[in-house]
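Protein chains in written order, with my numbering: chain A, 78 to 301; chain B, 40 to 453. Cβ coordinates follow ideal geometry from the N, Cα and C atoms, glycine included. Written out below as structure tokens is the structure these notes cover.
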């Protein structure tokens with residue numbers, strides 16, 4: 078039996094409490110993503126792709142349906158358990174980087190270890206390794222606010238990788254980058270995927286979608 | 040960022056200090072209002088009637104009338120005991136320096152029922168004459184255990200019943216000499232009882248008050264005495280001959296006694312029961328309760344606005360940091376709590392600053408002796424600390440609720 082990194086079963090997400098103000102962001106989503114797969118999720122703004130990513134990343138809960146991560150239903154977990162999954166099993170990369178601007182690159186990459194339930198003995202060597210892997214080791218002592226967009230995104234990717242999660246979730250990771258930097262980041266993502274990480278990327282970018290094994294198109298809350 | 044952080048902490052510190060000061064001030068208003076009522080009840084004033092004998096306000100007083108008046112009171116149906124309440128006279132000491140000496144005399148009826156707050160020594164033993172209490176101010180010159188020689192100049196004696204001689208405070212006569220023994224020191228915050236009303240209609244705070252709050256005696260070196268015995272063996276009692284304190288016989292209500300007194304005395308004297316004192320007091324100071332409530336409400340509202348605005352502002356400014364923590368393993372509650380906990384040093388420092396202000400000005404603005412009389416220091420500090428935490432919780436609770444209802448996504452927006 079094939080094991081999936083993420084499996085969605087009849088998932089729906091509806092925002093708003095009152096009947097007249099309800100917005101259906103996702104409905105009847107069934108999706109299976111294999112371990113080590115590189116999946117691009119495409120769609121126009123408001124189609125529900127970021128909502129889908131948030132649900133898969135334990136940032137939000139679906140209104141109905143099941144989401145299994147490595148065979149375990151994450152929709153029934155407590156907020157603490159979901160926080161644990163965000164810490165150990167997923168890594169996030171965002172369009173606007175989500176870094177702390179007044180801290181150094183090194184301090185930003187170290188953040189996932191703040192919330193580890195176990196003491197990680199080799200955390201400093203891990204930070205150095207992923208910063209070298211993403212090409213920002215030389216920038217480690219610079220404040221993030223002093224870095225370029227591409228450098229910030231590399232730091233963000235290093236932070237997503239540092240706790241060695243199996244799944245990397247990225248929301249428009251190339252959206253704020255110039256074309257040259259974009260290519261570098263796409264290559265970096267491809268390299269990361271080759272190392273066995275499951276990669277799920279929400280993107281408008283065709284080059285990024287082309288790099289993926291599979292492209293899912295979302296329209297009006299449905300996968301086409 | 041550094042200046043902003045420093046300012047936000049400063050705002051919280053000041054708000055926190057103000058919360059302590061204003062909270063305790065509101066508490067002191069409440070305590071001050073209820074303190075006199077509680078003290079009056081504890082001292083048994085709610086079982087007594089006070090008669091202001093205005094007919095005897097002539098100068099010099101008519102002593103024969105005064106003593107007859109007392110007999111008429113005692114002979115009234117339903118009256119249990121009756122005594123002239125108190126008096127004040129000046130004296131001098133023959134064996135040491137003692138500025139502003141004042142002798143305050145109480146009848147045995149008062150002395151047997153009234154308890155002064157002592158900071159040292161014991162109450163007067165009514166069986167042993169010539170035991171006296173001194174005020175806290177007088178303790179600068181005198182000590183418990185001292186025996187002192189007192190001379191009351193130019194006073195005569197008026198012979199009363201039961202071998203008791205009342206000291207004539209108004210006419211020329213012989214000087215009286217005593218040796219008294221100091222057995223205790225009365226706190227400046229102790230309540231005293233007095234028949235010398237300062238307002239009309241008389242209120243509860245006229246008959247029972249703190250020495251430190253009544254300008255007449257503030258800082259005076261007062262000696263409180265019961266019955267005294269002179270060197271030559273005469274039992275004497277200072278008496279103002281104006282105010283009589285009366286108890287009711289068992290099973291007779293004060294209202295009934297008052298009615299009987301009004302009929303038997305046929306006088307314009309003001310006969311006041313505890314309920315009437317209380318009524319007049321509430322008429323005058325009832326607004327204090329409302330003021331205290333307004334204070335508490337205002338304090339919580341203003342503190343909430345300061346705390347909430349600073350925390351929300353800080354939360355908004357830290358959105359990248361909070362989002363980062365949330366994405367990589369923090370729970371949303373942790374994000375909120377950490378944003379509040381960062382102000383704990385400012386809150387705690389504010390508490391101590393506020394407490395220091397309270398300690399510095401406690402005698403000027405606060406009336407906390409009711410608390411201090413009943414609790415020891417660490418209990419008071421613990422109580423104020425718990426009260427402060429409750430106030431902080433009241434202020435913080437809406438902030439937590441609002442932040443908890445929000446999601447991290449709100450803080451992703453630039």
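| Query | Result |
| --- | --- |
| Among the residues of its own chain, which have a CB less than 6 Å from the CB of residue 124 (chain A), if the five just before and after it don't count? | 295 and 296 |
| Would you please verify whether the beta carbon of residue 362 (chain B) is less than 8 Å from any beta carbon of chain A? | yes |
| Beta strand (DSSP E) containing residue 202 (chain A): first to last residue? | Element bounds for residue 202 (chain A): not the beta strand (DSSP E) but the alpha helix (DSSP H), 200-210. |
| State the DSSP-derived secondary structure class of residue 305 (chain B), mapped to helix, strand or coil. | coil |
| Which residue comes first and which comes last in the alpha helix (DSSP H) that contains residue 223 (chain B)? | No alpha helix (DSSP H) holds residue 223 (chain B); the beta strand (DSSP E) holding it covers 215-225. |
| Anything in chain B within Cβ reach of residue 144 (chain A), meaning under 9 Å, just list it in chain order. | Going along chain B, no residue has its Cβ under 9 Å from residue 144 (chain A), so there is no contact; the nearest lies around 17 Å. |
| Which runs of the alpha helix (DSSP H) spanning at least 4 residues fall entirely within the region 345-386 of chain B, listed in chain order? | 358-366 and 371-380 |
| Taking all protein chains shown into account, do 16 or more other C-beta atoms lie within 10 angstroms of the C-beta of residue 276 (chain B), making it buried, or fewer, making it exposed? | buried |
| Is there a C-beta anywhere in chain A that falls below 8 Å from the one on residue 56 (chain B)? | no |
| Could you pull out every residue in the same chain whose Cβ sits closer than 6 Å to the Cβ of residue 85 (chain B), ignoring the five residues on either side in sequence? | 313 |
| Do residue 177 (chain A) and residue 363 (chain B) have their C-beta atoms closer together than 8 Å? | yes |
| Tell me the residue span of the alpha helix (DSSP H) that contains residue 126 (chain A). | 126-133 |
| Taking only beta-carbon positions, decide if residue 164 (chain A) is within less than 8 Å of chain B. | yes |
| Check whether the Cβ atoms of residue 175 (chain B) and residue 223 (chain B) lie closer than 8 Å to each other. | no |
| Using 8 Å as the threshold, is the C-beta distance between residue 141 (chain B) and residue 259 (chain B) below it? | yes |
| Cβ closer than 7 Å: which chain B residues qualify as neighbours of residue 243 (chain A)? | None at all; the shortest Cβ gap to chain B is about 15 Å. |
| Buried or exposed: where does residue 242 (chain A) fall if 16 or more other Cβ atoms within 10 Å of its Cβ makes it buried? | buried |
| Start and end of the beta strand (DSSP E) containing residue 245 (chain B)? | Here residue 245 (chain B) belongs to no beta strand (DSSP E); instead the alpha helix (DSSP H) covers 243-246. |
| With a threshold of 8 Å between beta carbons, is residue 366 (chain B) in contact with chain A? | yes |
| Any idea which residues DSSP pairs residue 299 (chain A) with across the strands? | A:296 |
| Spell out a yes or no on whether the region 117-124 of chain B and the region 288-300 of chain B are touching, meaning 3 or more CB-CB pairs, one atom from each, closer than 8 Å. | yes |
| Find out if the Cβ-Cβ distance for the pair residue 13 (chain B), residue 58 (chain B) is shorter than 8 Å. | This structure does not reach residue 13 (chain B), given that chain B is present from 40 up to 453, and the question cannot be answered. |
| Check whether the Cβ atoms of residue 233 (chain A) and residue 174 (chain A) sit closer than 8 Å, and answer yes or no. | yes |
| My output table needs one value for residue 253 (chain A): the three-state DSSP class, helix, strand or coil. | coil |
| CB-CB under 8 Å to residue 182 (chain B), same chain, minus the five flanking residues each way: which ones, in chain order? | 221 |
| Using a Cβ-Cβ distance cut-off of 8 Å, determine whether residue 45 (chain B) contacts chain A. | no |
| Closest by CA to residue 131 (chain B), which one among B:371, B:190 and B:358? | B:190 |
| Would you verify that the beta carbon of residue 370 (chain B) is, or is not, closer than 8 Å to some beta carbon of chain A? | yes |
| State the Cα-Cα distance for the pair residue 144 (chain B) and residue 284 (chain B), rounded to the nearest angstrom. | 14 Å |
| Assuming contact is defined by CB atoms lying nearer than 8 Å, are residue 139 (chain A) and residue 130 (chain A) in contact in what I supplied? | no |
| At what residues does the alpha helix (DSSP H) containing residue 287 (chain A) begin and finish? | 283-288 |
| For the pair the region 345-354 of chain B and the region 148-166 of chain A, tell me if three or more CB-CB distances fall below 8 Å. | no |
| Listing by chain order, which chain B residues have their CB less than 8 Å from the CB of residue 156 (chain A)? | 370, 371 and 372 |
| Kindly list, in the order they appear in chain A, the residues whose Cβ is closer than 7 Å to that of residue 359 (chain B). | 175, 176, 177 and 178 |
| According to DSSP, is residue 167 (chain B) helix, strand or coil? | coil |
| So residue 169 (chain A) contacts chain B; which residues on that side make the cut at Cβ distance below 8 Å? | 366 and 367 |
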